[in-house]
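Each residue of the sequence shown is one higher than the one before, counting from 41 in our numbering.
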Amino acid sequence: MRPIEFLFVVALLLYSYVIWWHKIKCQLKLWMVVLFGIGLSADITGTFILCNIMNPANWKLNAHVASGFVSLLIMAEHFRWAVNAFRGKRKYERRFNRFSIRAWLLWLAAFASGFFI
């Protein structure tokens, strides 16, 4: 496995662990927010490296690229919700509860689409 792929797999594992743990236990702990942040950092770092190593002449906007950037933005917003929910802001806790699986599924679809391009 190449290092760039490793970053995305780390993001997958951490996102999955936090979101499903939260769904099962219905509580958000500090360690979960930290792991989510590490997953987001791995995702952003991998995306940044990938964008920089690709030849701009060969860069094409396709479904994978579009869904990847959209899902990265959604996960960043989702992380913000997690931080605010952990701080006790009920509005963000409800958002995190309501949209976590959907955000994860969108991110997972973008992740999986990379295998087909």
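The beta-carbon is built from N, C-alpha and C at its ideal position, and this holds for glycine as well. The structure displayed is predicted, hence computed values, not measured ones.
Anticipated Cβ contact below 8 Å, residue i with residue j, distance rounded
i, j, result
"G154", "H104", "6 Å"
"L54", "L75", "5 Å"
"W147", "M115", "6 Å"
"G79", "V50", "7 Å"
Beta-carbon gap between residue i and residue j smaller than 8 Å
i, j, result
"S107", "A143", "no"
"A122", "F109", "no"
"L113", "A82", "no"
"S111", "H62", "no"
Cβ-based burial, residue i [other Cβ within 10 Å; buried from 16]
i, result
"A152", "exposed"
"F126", "buried"
"I59", "buried"
Contact set for residue i: own chain, Cβ-Cβ below 7 Å, skip 5 residues either direction
i, result
"Y57", "L75"
"A44", "Per the sequence shown, residue 44 should be read as Ile rather than Ala. Excluding positions up to five away in sequence, the list reads G86, I89, L90."
Cβ shell of residue i (< 6 Å), same chain only, five flanking positions each side left out
i, result
"Y132", "W121, N124, A125"
Spatial neighbours of residue i in its chain, beta-carbon cut-off 8 Å, leaving aside the 5 residues before and after
i, result
"L68", "H62, A122, A125, F126, E133, F136"
"C66", "N137"
"R130", "none"
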